[in-house]
Structures are given as C-alpha cells and as structure tokens.
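First comes the structure, then the notes that go with it.
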Amino acid sequence: MLTILFDGIAYGMLLFVLACGLAVTLGLMNFVNLAHGAFAMAGGYVTVVMVNRWGVPFFAALPLAFLFSAVIGLLFERTLYVHVYRKPHLDQVLFTIGLVFMSVAAVDFVMGSQQVFVQLPSWLEGQFTVFGVGIGRYRLLIIVICGVLTVGLQLVLSRTRFGSRLRAAVDDARVARGLGINVNRVFALTFAFGSGLAGLGGALGAEILGLDPIFPLKFMIYFLIVVTVGGTSSITGPFLASLLLGIGDVAGKYYVPTFGSFVIYTIMIVVLIWRPQGLFARPVGR
Amino acid sequence: MKAYKWMAALSAAAIGALAAGHAGAQETVKVGLIVSMTGQQASTGKQIKAAVELYQKQNGDAVAGKKVQVILRDSGSVPDNTKRLAQELIVNDKVNIIAGFEITPAALAVAPLATEAKVPAVVMAAGTSIITERSPYIVRTSFTVPQSCVIIADWAVKNGIKKVVTIVSDYAPGFDAEKSFTERFTGAGGQVAQAIRVPLANPDFAPFLQRAADAKPDAIFIFVPSGQGGTFMKQYTERGLDKAGIKLIGPGDVTDDDLLPNMGDAAIGTVTAHFYSADHNSPKNKTFVEAFTKAAGFRPNFMALGGYDGMHLIYEALKKTGGKADGDSLITAMKGMKWESPRGPIQIDPETRDIIQNVYIRKVEKKAGSLYNVEFATFEAVKDPVKAAKK
Amino acid sequence: MLLARLSQEEVTGRLVGRAHWHPLEVLFWVAAFATIWLFPSKHLILTEIAWLALFALSLDLILGYAGIVSLGHAAFFGFGAYTAALLAKHEIINEPVIALVVAGLAASALGFVTSFLVLRGTDLTRIMVTLGVAFVLREIANQNGWLTGGADGLQGVTMKPILGQFRFDMFGHNGYVYCLVVLFVLFLLARRIVNSPFGLSLQSIRNNPLRASAIGINVNARLIAIYTIAAGYAGIAGALLAQTQAFASLAYFDFERSADLLLVLVIGGTGYLYGGIIGAVVFKFMHDYLAVLTPQYWPFWIGLLLVVLVMVGRERITGWTAPFRRMADRLDWRRLRPRGETTEGR
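Encoded structure:
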C-alpha cells in the first residue's frame with residue numbers, strides 16, 4: 000500500500016526533474032519544445048557510456064551528465080532555437096519534432112537500438128523494509144536528489160537576483176527588457192539549465208524508465224502533461240502535477256491494471272477543459 | 000553506411016547479371032526481407048539483418064545457378080506497413096520469397112497475401128503458434144512461444160515450484176505463453192495465483208511486479224517480447240524479489256542475449272527454457288557467434304538464428320528445386336528439410352511447416368566476465384505443442 | 000471602405016468567380032486520373048497517396064482554414080478505419096461504399112463530441128487535448144481486444160467487391176481507382192465549402208477570432224461545424240486505408256501518424272486545398288525513397304527536412320507551389336481582407 004505511494008512519489012519526482020526545464024521554456028518564451036526529451040536522452044546515454052565503458056563512478060557521472068546536456072542545450076539554443084522563438088507555434092512544433100526524429104536516428108546509429116542500463120553500485124540495488132513498507136534504495140536516492148533540487152530551485156527563483164530577473168522576464172518580457180534585463184541571456188542560461196536538469200533526469204531515470212533511442216518520443220507526452228496540467232507560471236505547479244501524475248500512474252496500474260494509462264489521459268483532458276491554463280496556474284491571463 | 004553496402008550489393012548484382020549476358024530477371028531469386036529497423040522492435044530487425052548478411056557473406060550470393068538478392072524494407076514495427084511493403088515487394092519487385100516479420104501481428108497481416116500470391120513467407124521471428132496455420136505458404140524458422148513454455152512448466156513442477164504468478168505482454172504471443180504454461184503447470188498440480196497482462200508498448204513493470212509480489216508466489220513466470228527483458232529484470236531486482244526468494248522462470252525472451260550483458264548480476268540464477276543461447280556448446284555455434292560478433296559488433300540472440308536459418312532454408316530449398324523459384328516448388332522443398340544449425344539439430348515439420356527443434360533449460364551465469372544463458376538440460380526435437388495437441 | 004463600394008451582386012460575383020475552375024486545376028485532375036492508365040505498377044503507392052491526401056485535406060480544413068493546431072488528428076482516422084474494418088469483418092455492411100459513408104459519419108459524430116474540447120484554450124492546450132483524445136482512443140481500442148483485436152490488430156477482415164462489381168485485387172488497381180474517386184468527390188465538396196460564405200467566415204475567424212465575433216459571426220458554432228466535417232474526412236481517409244488493406248491496427252492512432260500528417264501539409268502548404276494533395280505526393284515518394292535507401296536511419300532525414308523547412312521559412316520553401324496557390328486565390332480576398340468578414344453581416 001504505502002510502497003505504491005512511495006514508488007509513485009519517486010516516479011513523480013523523476014518526472015519533475017525531467018520536465019521542469021520544459022515548464023520554464025514554455026512559460027518564459029511561450030516556446031513549445033517537444034524535443035525536451037532528447038536532452039534527457041543525451042544525459043542518459045552519456046552516463047551509460049561513462050559508467051559502463053569508462054568506469055566513472057555513478058555519482059561523479061551525474062553532474063557530468065548535467066553539464067553535458069546543459070552545454071548541448073546552450074549550443075542548440077544559441078544556434079538553432081533562437082531563430083524559431085518568434086515563429087508561430089506550428090513552426091515550433093514542426094521544428095522540435097524534426098529534432099526529435101534526428102536525435103532518435105542519430106542515437107540509434109551511434110549506440111544501437113537495444114535498451115541500455117547504467118551499472119549501479121551494488122549498494123543501491125534492492126529494497127529494505129521500514130515498518131512493513133518496502134523502500135527501494137534507488138527510488139529513495141531519487142527522492143532525495145530530486146527533493147534537494149526542488150528546494151534549491153525554489154530558493155534560486157525566489158531569493159536570488161537571477162531568480163527575480165527570470166520571474167520578471169516570465170511575467171512580461173517586454174517590460175523586463177525595458178528595465179535593462181538582458182532577457183536573451185536570462186533565457187539562454189535558463190534553457191541550458193533546464194536541459195541540464197533533463198539530462199540529470201535522464202541519467203537518474205535510465206534505471207527505472209529504460210533507455211533506448213525512442214526515449215524522447217515515448218516520454219514526450221508525459222512531460223507535456225506535467226507542464227500543461229501544472230501550468231507554467233511557477234515551479235510548484237509542475238511539481239505538484241508531477242507528483243499527481245506519478246502517483247496516479249503507479250496506483251492506477253496497481254489497482255486497475257486493465258485500465259492502464261487510460262486514467263492519465265482522461266485526467267489531463269478533464270483538467271485542461273476545466274482550467275485551460277493549468278491546474279495550478281495563477282488566474283491572470285497573459 | 001549500411002545502406003551503401005546494400006546499394007553496392009545491388010549494383011554488383013546488376014553488373015553481374017549484365018556481364019553474364021543473360022536475361023537478368025530469370026537468373027535472380029529475390030527475397031523481400033521485411034523487418035523493423037526503426038521503432039519499438041528495432042533491435043530485432045538489426046539482429047535479423049546482421050544474420051542474413053552474415054549468411055550471404057559466408058555462403059556467397061549464388062545458389063543453384065541463381066543469384067539470391069535480398070531486398071530490405073523497414074516496417075517501423077507497424078503491422079500495416081508490413082502488409083503494404085509485402086504487397087509492393089510482390090507486385091512491383093516481383094520477389095520470389097518474403098521473409099522477416101518481427102512481431103506476430105505483422106506475420107498475421109501478410110498471411111492472406113502469401114496465399115493469394117502463392118509466395119512463400121519465411122517467418123524469422125514472430126512466435127505465436129497459429130501463424131503457420133494462416134496460410135499454406137508460411138514456413139517458420141524461429142520458434143513458437145508454447146515450445147518453451149511447456150518445457151519450463153515441466154521443469155518448474157519437477158523442481159518444487161507450486162505457486163506461480165504469470166506476467167505476460169498483452170498480445171497474441173503473450174496469451175499463447177500464458178495459456179500453454181498454465182495448462183501444463185496446473186495439469187501437473189501447480190497453482191497459478193494470478194495472471195497479469197502488461198501493455199505491449201512502453202511498459203513500466205514496477206506496479207505489476209508489486210502486485211505479483213503481494214501474492215507471495217514461489218516463482219514468477221514472465222513472457223515479454225525480445226527487447227523488453229532488460230527493464231523487467233531491473234525492476235524485478237529493484238523490488239528485491241530475487242532476495243525475497245521469488246524465482247524467475249519463463250521462455251528465454253526475458254534473458255535475451257542482446258540485453259543480457261547489460262542487465263547486471265541481478266539476472267544470475269534466472270532459469271529459462273529456450274531454443275538458443277549464444278553460449279550453446281557446439282563447434283558450429285562457436286564459429287557462428289565469433290563471425291557474427293565480428294561482423295555486427297554485438298552478440299547474436301535467438302532472433303539472429305531465425306534469420307540465419309531462414310536464409311539457410313531458402314538456399315537449401317533452391318538447391319533442391321534446382322533453382323526453380325515458384326512458390327509451390329519451394330514450399331514442397333522446404334517441408335521436412337533437416338539440418339544442423341548453430342542452435343542444434345532442427346527440422347521443418349512436413350505437416351505444419353513449423354519448426355521442430357531442441358529446447359534447452361538454461362541458467363544465467365557469469366562466464367569470462369560476461370553473463371550467459373548456460374544450458375544444463377536438453378529436450379530433443381520439440382514440436383509446437385499447440386498444434387500437436389490439436390491432432 | 001472598399002466594401003462599401005461593393006454591392007451585394009458584386010460580392011456574390013466575386014465569390015462565384017473565385018469558385019470557377021482554372022485550366023490548371025482541370026489539368027491537375029486530368030493528370031491525376033491519367034495515372035490510372037499511365038502507371039499501373041505504381042498503384043499501391045498511389046493508393047497510399049490518395050488516402051493520405053484526403054487525410055491531409057481534412058487537417059487543412061481545421062488548421063489552414065480555421066487555425067486549430069492539432070496533433071491528434073489520427074484519432075478520427077483510426078476511428079473511421081476501425082469502423083469500416085469492423086463493419087466488413089462482421090458482415091454488417093458488405094458494400095464498401097456504404098460502409099465508407101457510415102465510417103465517415105461515425106467519425107463525424109466523434110468529431111462533433113470532441114469539438115467542444117478544442118474551443119477553448121491556447122495552441123498548446125489544443126495540441127495536448129487533441130493528443131490526449133487520440134491516446135484515449137488508442138487505449139480503448141487496446142483494452143477492448145475482444146472487439147478490436149488489441150495489439151494484434153484486427154485480423155480476418157475480408158472485403159466484398161466495390162458496388163458488388165470490383166474486387167480489391169492484390170495489385171491494388173481497383174483499390175486505387177476507388178480511393179482516387181473518393182478523394183475527388185470529397186475534394187469537390189471541400190472546394191464548395193471553403194468557397195462558400197461559411198468558408199470565408201472560417202478564415203476570418205482564423206485571422207482574428209475576436210473581430211470575427213464582433214461582426215456577428217458565431218465563432219464557436221462555426222468551429223464546431225468545421226471540426227465535425229474535418230473529422231468525417233479523416234474518418235473516411237482511415238476507412239479507405241482499412242478497406243484497401245483489409246486490416247486495422249492500433250498504429251492508426253499513433254502520434255507519429257498525426258505528426259507525419261502535419262509534415263505532409265506543411266510541405267504542400269497550408270490554407271489552400273491543393274496543399275494536402277501536393278504534400279502527400281511529395282512526402283510519400285520522398286519517404287519511400289529514403290526508407291529504401293537507408294531503412295535504418297530514414298527518420299533522421301525526415302527530421303532534418305523539418306528543421307530546414309522551419310529554419311529557412313516554410314513560405315520560401317513551399318514557394319514552388321505558388322502558381323497553384325495563386326490559382327486557388329485568384330480572386331485574392333487577402334487584398335480585401337478587412338472587408339472579407341463582413342460578408343457575414345449581410
């Protein structure tokens with residue numbers, strides 16, 4: 000019972016780390032980035048290569064995965080994405096789907112199409128029991144890392160100068176520009192950071208979600224659900240949405256296995272009809 | 000890169016035909032190979048493609064005075080693509096044989112075509128029992144799922160496993176696996192506590208495994224299609240089920256040689272029944288594995304064998320017909336064909352056109368730093384139990 | 000201003016003039032029908048093109064004419080396909096043409112019901128809702144294996160001859176003629192629709208919904224209407240595929256199918272009826288060529304094409320279709336756009 004709840008929370012936390020970069024991108028530049036999962040995949044594969052082939056310790060590989068995806072994100076943002084911001088949503092969708100297709104084929108070419116896994120240190124495998132609740136060691140690690148990240152993110156956003164600039168830019172980019180905030184730079188940094196987080200999520204999630212070349216396609220819908228249901232005006236919205244989704248998904252499969260993922264999509268549609276701006280969005284229309 | 004190789008082979012074939020000064024069409028036997036090179040089942044397609052290429056490299060591309068030309072098409076793991084591509088290959092490219100078919104729905108979809116066009120369809124992967132019954136022109140060189148399932152059921156009963164939870168993928172081979180295992184197992188006094196079906200696409204096994212664990216069985220019987228065994232194994236260990244003393248049994252798809260080296264030590268001790276392991280101890284297999292790994296860069300799995308033996312079957316049938324490549328002659332030649340494959344002795348059942356082969360019981364062990372399915376018992380010349388029971 | 004100078008007769012005259020057939024259009028369709036005799040060996044891929052063109056036409060009706068971005072149009076496609084396949088399998092309706100109409104109506108009904116979901120919200124919300132609808136339908140089809148065959152696809156469908164006369168042959172000859180005729184008939188209908196005042200009011204909604212409603216256009220009613228029609232078109236396209244293949248599978252609902260469709264439409268150009276058809280021709284031949292050339296990595300090239308298309312600018316690349324576009328817009332209302340909407344007010 001509680002084990003299911005625990006699993007759901009871990010799953011939700013993982014989704015949050017994977018998707019929160021997307022939330023910021025969408026909120027900040029009103030940019031629909033369907034290729035977000037590709038950055039997560041990059042992080043995942045880099046971890047696999049480092050840990051399995053080069054023998055880098057798992058914990059050293061995590062920050063490297065973050066860096067790798069962040070750098071790639073920055074590179075793409077500066078060279079490609081920047082030209083697409085002002086285009087209509089249709090163009091953005093096409094452009095990012097194109098990137099997804101390319102990344103899928105490229106990874107298939109370089110890494111092969113079979114699923115790969117990160118070789119974890121053995122003390123992270125298995126489960127221990129506390130008061131009759133089975134706690135997976137690895138899931139616990141995910142919860143801890145993601146929890147720390149979430150708190151850190153919240154602090155950065157609410158307490159630092161960069162955070163207030165970012166919030167200002169999200170609220171009204173034009174006025175923020177007028178106040179002398181370099182919105183482009185804020186955005187580039189945020190994009191890189193979001194991609195880095197996705198990469199970290201991919202590295203952490205490889206173990207649970209499985210990693211293969213079609214990863215960005217398989218999980219794209221989940222990221223989008225998190226963002227649309229959670230709204231893009233804050234970090235807490237997507238966070239709560241991730242938890243809801245994680246717990247709903249795991250519990251749904253446990254209790255009503257025949258309905259499978261049906262529950263999730265139905266919930267999403269209902270929420271979007273009820274509150275098109277997202278469940279936790281502030282009621283201001285922009 | 001690979002594309003160039005095909006192009007090269009193609010143009011070589013064309014030039015060869017010209018040089019010989021014959022009417023090219025009569026001298027070439029075309030094999031339309033339809034497998035998934037992209038999408039969910041892409042790894043299966045790559046195994047088969049590599050095996051087919053290897054066979055042609057080892058045996059040349061000419062047999063019985065004919066040039067054998069393989070035309071590769073990507074089904075994208077989508078059955079209706081397979082059907083359309085088969086139709087195009089038959090109608091436009093005038094292929095003599097179609098082959099491949101990574102999943103059951105794909106094989107079922109082409110069955111009516113094979114019948115109508117009288118073109119032999121060599122099933123190199125899909126494993127549902129009924130496939131060969133759908134058309135008199137279908138021959139199978141892979142396996143049937145029940146072949147392994149009844150063997151592992153027997154083994155489970157003999158080894159003191161009394162209560163089992165079955166977990167299968169929610170499609171035809173899964174139902175086949177569930178049914179054949181359950182019938183044999185309960186028939187011998189075993190108990191199936193729960194039968195769980197997981198969606199075929201994008202599976203997350205954790206909640207289903209938790210459900211299975213809560214039933215406290217002696218063992219979990221698992222069938223997933225080739226390529227999904229890794230996730231399952233990871234989540235099985237993650238639940239600590241291995242430590243809780245719940246054994247893992249099933250047909251060999253879950254400890255697929257393609258994924259096994261990646262699964263980690265948790266897989267050690269898993270007992271499966273299957274028709275091929277890269278570790279199979281025979282000189283023929285040693286050479287095969289070595290050549291395959293060298294050419295493809297990865298270890299052959301059971302899908303590769305389906306492709307390799309499929310090509311062998313096509314070559315031998317052509318030899319027997321003396322190069323006659325019409326559907327009826329080929330099918331007649333294929334029936335009852337017997338040979339020594341890297342997997343052991345195999346035969347095409349003259350009545351059902353299905354494969355008869357040895358099924359081995361294997362245990363995952365570490366050998367020279369890598370994981371292998373090590374065979375420790377053999378059941379010889381196993382026929383498809385579903386069709387055998389119908390008689 | 001300009002409009003004030005146009006009398007009702009003149010407006011009607013312009014509308015009628017716009018609906019006139021240009022010689023190029025006639026040539027286009029003559030060429031299309033000539034393929035029946037000219038390229039008998041290509042009928043299989045041409046069949047694919049025909050239903051894909053119809054499917055793209057359907058998306059163009061809502062995207063190009065009404066401005067609704069959808070990533071789940073495969074929902075109606077799949078629904079129509081399963082309807083047609085099930086009707087044939089259980090021998091409820093044995094005549095393919097009638098079954099086709101029924102499948103179209105069924106998909107329309109579904110379109111009508113779900114149209115209320117896309118009335119509200121931003122592009123993103125619409126994308127997600129349409130995606131969600133397609134996923135839900137896919138799950139329903141997956142879960143009800145007793146009816147749909149689940150992940151194995153719907154096996155054992157046998158199609159009866161068209162009009163009791165023409166059998167679906169293995170070479171796809173009859174199937175192609177059938178698809179082409181259906182495409183042509185539905186194209187005529189769509190042409191009639193977009194050139195009617197209703198069609199023009201849709202374009203005014205796409206350009207500026209607020210202003211459209213300010214001049215008395217019932218925005219929601221019109222969006223619902225066009226969404227319903229488009230869903231019917233998509234359903235018929237799906238039914239054509241199911242009938243020519245005698246098969247239906249879950250892949251019909253896949254996201255990839257909706258995404259490919261967007262690509263088709265964008266290659267041909269949105270907002271004019273020939274866009275979908277031209278896009279289907281180009282996309283299919285290109286896809287086929289790439290998939291034969293490099294069976295493993297063709298998605299890379301498709302992806303690259305998308306990226307380049309957007310980077311260079313869709314307008315510039317699809318500029319080659321300009322003659323067709325001009326032809327369709329011969330009496331270009333863009334020049335008169337501010338007045339275009341007011342045709343409704345009369």
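The listed protein sequences derive, respectively, from chains A, B and C.
By numbering that gives the first Met the number 0, the letter at position 202 of the first sequence is numbered 201, and the numbering carries on one by one without gaps.
By numbering that gives the first Met the number 0, the letter at position 274 of the second sequence is numbered 273, and the numbering carries on one by one without gaps.
By numbering that gives the first Met the number 0, the letter at position 165 of the third sequence is numbered 164, and the numbering carries on one by one without gaps.
Ideal Cβ placement from N, Cα and C applies to all residues, glycine included.
Check: Partners in chain B for C:Leu43, counting only beta-carbon separations shorter than 8 Å; Outcome: Arg83, Gln86, Glu87, Val90 and Asn91
Check: Any 3 or more C-beta pairs closer than 8 Å across the stretch 182-200 of chain A and the stretch 15-27 of chain A; Outcome: yes
Check: Residue-level contact to chain A via CB, B:Ser168, 8 Å cutoff; Outcome: no
Check: For B:His273, the three-state DSSP class (helix, strand or coil); Outcome: strand
Check: Where C:Phe246 sits in the DSSP three-state scheme; Outcome: coil
Check: Between the CA atoms of A:Leu33 and A:Leu89 - distance to the nearest angstrom; Outcome: 12 Å
Check: The stretch 211-223 of chain B / the stretch 156-163 of chain B touching (three or more Cβ pairs under 8 Å); Outcome: yes
Check: Chain A contact for B:Glu237 (CB, 8 Å cutoff); Outcome: yes
Check: Which of helix, strand or coil DSSP assigns to B:Ala376; Outcome: strand
Check: Cβ neighbour criterion (16 or more within 10 Å) applied to B:Lys365; Outcome: exposed
Check: Own chain partners of B:Ala192 with C-beta closer than 6 Å, once the 5 adjacent residues on each side are dropped; Outcome: Lys162, Val164, Ala214 and Pro216
Check: Same chain, Cβ closer than 6 Å to B:His21, five either side skipped, listed in chain order; Outcome: Bear in mind that a pLDDT of 41 at B:His21, under 50, signals an unreliable position, so the model cannot answer this.
Check: Nearest-angstrom Cβ-Cβ length linking B:Ile313 and B:Val30, presumed shorter than 8 Å; Outcome: 6 Å
Check: Neighbouring residues, chain C, relative to B:Asp79 (Cβ below 7 Å); Outcome: Gln244, Phe246, Ser248 and Ala250
Check: Span separating the alpha-carbon of C:Val193 from that of C:Ala65; Outcome: 10 Å
Check: Continuous beta strand (DSSP E) assignments of at least 3 residues falling wholly in the stretch 44-97 of chain B; Outcome: 65-73
Check: Proximity test, Cβ basis, 8 Å: B:Thr195 and chain A; Outcome: The amino acid at residue 195 of chain B is misidentified as Thr; the sequence shows Ile. It does; some Cβ of chain A falls within 8 Å.
Check: Residues that B:Glu115 contacts on chain C, provided the C-beta gap is smaller than 7 Å; Outcome: Met169
Check: Neighbouring residues, chain A, relative to C:Asp59 (Cβ below 7 Å); Outcome: Near C:Asp59 there are no residues of chain A at all, since even the closest Cβ is about 12 Å away, more than 7 Å.
Check: Local Cβ density within 10 Å of C:Tyr288, reported as buried at 16 or more and exposed below that; Outcome: exposed
Check: Whole-number beta carbon distance between C:Gln154 and B:Leu107, since they are thought to touch under 8 Å; Outcome: 5 Å
Check: Residues that DSSP places opposite B:Lys337 in a beta bridge; Outcome: B:Gln346
Check: Three CB pairs or more closer than 8 Å across the stretch 102-121 of chain C and the stretch 214-229 of chain C; Outcome: yes
Check: Burial state of A:Phe5, where buried means 16 or more other Cβ atoms lie within 10 Å; Outcome: buried
Check: C-beta atoms of B:Arg183 and B:Gln209 nearer than 8 Å; Outcome: no
Check: Residue ranges of each beta strand (DSSP E) within the stretch 115-167 of chain A, 3 or longer; Outcome: 126-129 and 132-135
Check: For B:Ile92, the nearest candidate out of C:Leu70, C:Ala31, C:Ser40 and C:Ala84 (CA to CA); Outcome: Reading off the sequence shown, one finds Asp at residue 92 of chain B, where the question assumed Ile. Checked all of C:Leu70, C:Ala31, C:Ser40 and C:Ala84; the closest Cα to B:Asp92 is C:Ser40.
Check: Distance between beta carbons of B:Ala124 and B:Phe100, contact taken as under 8 Å; Outcome: 6 Å
Check: Expected contact under 8 Å - CB spacing of A:Gly224 and A:Ile263 to nearest Å; Outcome: The displayed chain sequence assigns Ile, not Gly, to residue 224 of chain A. Going by Cβ atoms, the distance from A:Ile224 to A:Ile263 rounds to 7 Å, so yes, they are a contact pair.
Check: For B:Phe222, the three-state DSSP class (helix, strand or coil); Outcome: strand
Check: Nearest-angstrom Cα separation, counted from C:Ala105 out to A:Arg138; Outcome: 46 Å
Check: DSSP state of B:Pro384 mapped onto helix, strand, coil; Outcome: helix
Check: Identity of the residues DSSP links to B:Thr165 by a beta bridge; Outcome: B:Ala194 and B:Phe220
Check: Minimum C-alpha distance to A:Tyr10 - residue among A:Met267, A:Ile268, A:Glu206 and A:Gly245; Outcome: A:Gly245
Check: Interface flag, B:Asn261 vs chain A, CB-CB below 8 Å; Outcome: yes
Check: Proximity below 8 Å, CB of A:Phe222 to CB of A:Leu74; Outcome: no
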